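In my numbering, the protein residues as written are 13 to 199. Quick notes on the structure that follows.
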């Protein structure tokens with residue numbers, strides 16, 4: 013095997029290297045468009061989204077998003093803030109980052125390094141940033157809104173499903189189920 017690798021013609025090496033990193037993400041068969049009934053937005057109701065949010069530990073009434081030109085929501089940043097609040101981050105190509113935190117409280121509790129909005133009684137949305145001008149923070153706070161179901165459906169991580177326990181080969185079917193660590197002859 014090693015000898016074969018040494019004898020590969022040098023002419024094949026550029027072709028092999030050119031093939032590295034050229035895989036594309038599978039987005040489905042372009043010839044067969046995805047039916048609207050199978051897209052998350054089309055199949056997920058507000059009730060289902062609320063149940064999904066609760067399963068993630070997020071109070072549905074505390075989910076807020078913003079829209080700021082030049083910033084993109086980092087889907088993997090969506091999560092819980094505090095006990096049952098919501099958090100998300102947005103990034104820009106120049107390295108700037110906006111952080112959105114929604115929780116129970118009031119704008120009076122807002123730290124000075126945040127721009128806060130109280131979209132409803134007992135709720136506060138805090139916006140902070142890294143490498144972000146104060147005007148951009150204010151625009152982000154002014155654009156805070158409750159997402160429509162179709163907007164939220166594509167952002168949440170997939171629901172966790174129950175899985176069967178993993179069957180281990182070293183657990184005996186008799187006794188207390190402890191692993192069999194016996195040593196055979198010569199061991």
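Just so you know, even glycine gets a beta-carbon here, dropped at the ideal spot from N, CA and C. Nothing here was measured: the structure is a model prediction, and the numbers come from that model.
Which listed residue (the options) has its alpha carbon closest to that of residue i
i	options	result
residue 131	177, 148, 113	113
residue 148	108, 121, 115	108
residue 189	198, 195, 196, 179	179
residue 89	110, 181, 193	110
residue 152	141, 198, 121	141
residue 91	71, 123, 106, 104	71
residue 98	62, 144, 145	62
residue 124	146, 105, 104	146
residue 60	198, 143, 166	166
residue 56	181, 193, 194, 162	162
residue 103	121, 79, 177, 119	79
Cβ neighbour criterion (16 or more within 10 Å) applied to residue i
i	result
residue 101	buried
residue 186	exposed
residue 135	buried
residue 196	exposed
residue 138	buried
Simplified DSSP state of residue i, which is helix, strand or coil
i	result
residue 169	coil
residue 97	strand
residue 49	In this predicted model, residue 49 has a pLDDT of only 37, less than 50, meaning its place in the structure is not dependable enough to derive any value.
residue 35	For residue 35, the predicted structure reports a pLDDT of 36, less than 50, and the residue's modelled location is therefore unreliable. A value from the coordinates is still provided. The answer is coil: DSSP assigns residue 35 none of H, G, I, E or B.
residue 72	helix
residue 197	coil
residue 187	coil
residue 59	helix
residue 147	helix
residue 179	coil
One or two residues paired with residue i in a DSSP bridge
i	result
residue 202	The question about residue 202 has no answer here: the residues shown for the chain are numbered 13 through 199.
residue 109	103, 142
residue 116	135
residue 91	99
residue 77	157
residue 129	137
CB contact flag (residue i, residue j, <9 Å)
i	j	result
residue 169	residue 74	no
residue 129	residue 156	yes
residue 65	residue 77	no
residue 106	residue 143	yes
residue 150	residue 127	yes
9 Å Cβ cutoff, residue i in contact with chain D
i	result
residue 127	Structure shown: chain D not included; a single protein chain is present.
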